[in-house]
Amino acid sequence: MLRLIVDGFPSPRGRTLGEKREWLRRQADQIRRALTREPRGHDAILAAILTEPALPGSHAGLLFMDANGYPRLSGHGVMAATRIALDRGLLMPGGDSPSIVFDTAAGTVKASLEGARVTMAGVPAFVLHAGVSVKAAGRQLRADVAYGGAFHAIVDGEAAGLPVDWAHVPELSRLAVDVCRAIESTVTVAHPSDETQRGLDGVIFTAPPAAATAMLKAAAVTSGGRVDRSPSGTGIAAVMAVVDAMGLMAEDGAFTQESLSGSRFDARVAGRTMVGDVPALVAEVAGDAWIIGEHIFVLDDDDPLKFGF
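My numbering puts the first residue of the sequence shown at 1, with every later residue one more than the last.
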């Protein structure tokens, strides 16, 4: 995750974080392209922007951008932004155990930091469509469509005929694109209480974990085919919603998910609520965040690749 500081970076305008997100898309997209695409960025990089919040009680607004667009929420992005904001004194919420309330385009997220450990409570997670049958890459598959701050299709890797490992990332990437297209042509993917949140953000391919302490291994792949390096904060919340709906959640509500890189997020069910008529849970997700560098990016007017490629 990058924290981007650019001289003259525009202040996003809008009455909500969703409107601010759209303002960036319309008015400043060249900055996203310059900083997240090659030669400065790469296909899997994520940027987070601290801005003014719209909702009362929030310490800051948090917007995200990557090589393809503007995700409404990123769990690992929240974790990285929390570590940087508190370590560098960008936000000073006060208290013995400081926590930050972020206003995001997906809703309110609360995060706290202890050492390198960031714990975040996300937006309500729920199953939108269970057991959707689609044909993708010549194979009949079943997927559960769930929301955890982003809409994910949860697909069993073995049923898809693919091992969930680095060696098969190209195949997982292509299949994720096909699955998203197939599901969106079969069912409507829209948030029951926020019509602006529509469409699948990606696919979570699940498999048995390598670590005995994890419940699942997960490869989170965006609808554009980019593979997440983290266990996925929005993804683990969506998976937990599916597991809970199946009646398979542990009694204490604890759940650990590992990524392709071997990193793990530890989560638990912190609460239950309703989203419209749909039962939902609030997942509290914890992971480690490390600051690895501070960067200055130069955009030269004469550089033919200043806006990336």
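Virtual Cβ for every residue (Gly too), placed ideally from N, Cα, C.
Do you know whose CA, among the options, lies nearest residue i's CA?
| i | options | result |
| --- | --- | --- |
| V311 | A238, P12, A81 | Summary: the structure shown does not reach residue 311, with the chain confined to residues 1 through 309, and so no result is reported for it. |
| A121 | V109, D87, G131 | V109 |
| A241 | G148, L175, T104 | G148 |
| A146 | G107, A116, V189, G157 | V189 |
| E284 | E294, I292, G293, G271 | G271 |
| L260 | R72, L128, I49, D165 | D165 |
| A125 | A176, L73, S173 | L73 |
| F9 | E171, T51, R142, H129 | T51 |
| V275 | D303, D266, G18, E195 | E195 |
| S263 | R174, G138, H59, P209 | P209 |
| A211 | L172, S223, T234, T256 | T256 |
| D87 | A116, Y70, L62, G95 | A116 |
| L62 | L24, M246, F265 | L24 |
| M215 | G95, D266, R40 | D266 |
Go through its chain and collect everything with a Cβ distance to residue i's Cβ below 8 angstroms, but skip five positions before and after it.
| i | result |
| --- | --- |
| H168 | L162 |
| D277 | P192 |
Is residue i helix, strand or coil by DSSP?
| i | result |
| --- | --- |
| I154 | strand |
| A85 | helix |
| I45 | coil |
| A211 | coil |
| A220 | strand |
| G61 | strand |
| G199 | coil |
| T36 | helix |
| L17 | helix |
| L24 | helix |
Quick one: what's got a C-beta closer than 6 angstroms to residue i's C-beta in the same chain, skipping five residues either side?
| i | result |
| --- | --- |
| A67 | T36, R37, D43 |
| R3 | Since pLDDT at R3 reaches only 41, below the 50 mark, its modelled position is unreliable, and no value is offered. |
| K20 | P12, G14 |
| G77 | M1, L46, A48, F64 |
| V243 | M249 |
| V123 | A106, G107, G149 |
I'd like the list of long-range same chain contacts for residue i, defined as Cβ closer than 7 angstroms, with 5 residues on each side in sequence excluded.
| i | result |
| --- | --- |
| S173 | V221, G225, V227 |
Assess, as a yes-or-no matter, whether the stretch 203 to 216 is touched by the stretch 296 to 304 under the definition of 3 or more beta carbon pairs within less than 8 angstroms.
They do not touch, by the three-pair rule.
Three or more C-beta pairs below 8 angstroms linking the stretch 181 to 192 and the stretch 132 to 144
These segments touch.
Return the chain-ordered ranges of every alpha helix (DSSP H) run that is complete within the stretch 133 to 193 and spans a minimum of 4 residues.
Whole alpha helix (DSSP H) segments, 4+ residues: 169 to 184.
Check whether the stretch 250 to 263 touches the stretch 43 to 54, counting contact only when three or more Cβ pairs, one atom from each stretch, lie closer than 8 angstroms.
The stretch 250 to 263 and the stretch 43 to 54 do not touch, with fewer than 3 CB-CB distances between them shorter than 8 angstroms.
Three or more beta-carbon pairs under 8 angstroms between the stretch 97 to 106 and the stretch 212 to 230, yes or no?
In short, these stretches do not touch, since the Cβ pair count stays below three.
Please list the segments of the beta strand (DSSP E) lying wholly inside the stretch 244 to 308, counting only runs of 3 or more residues, in order along the chain.
Qualifying beta strand (DSSP E) stretches, in chain order: 254 to 258, 264 to 275, 278 to 288.
Which whole runs of the alpha helix (DSSP H) in the stretch 65 to 134 are 4 residues long or more, in chain order?
The stretch 65 to 134 is shown to contain whole alpha helix (DSSP H) runs of 4 or more residues at 75 to 87, in chain order.
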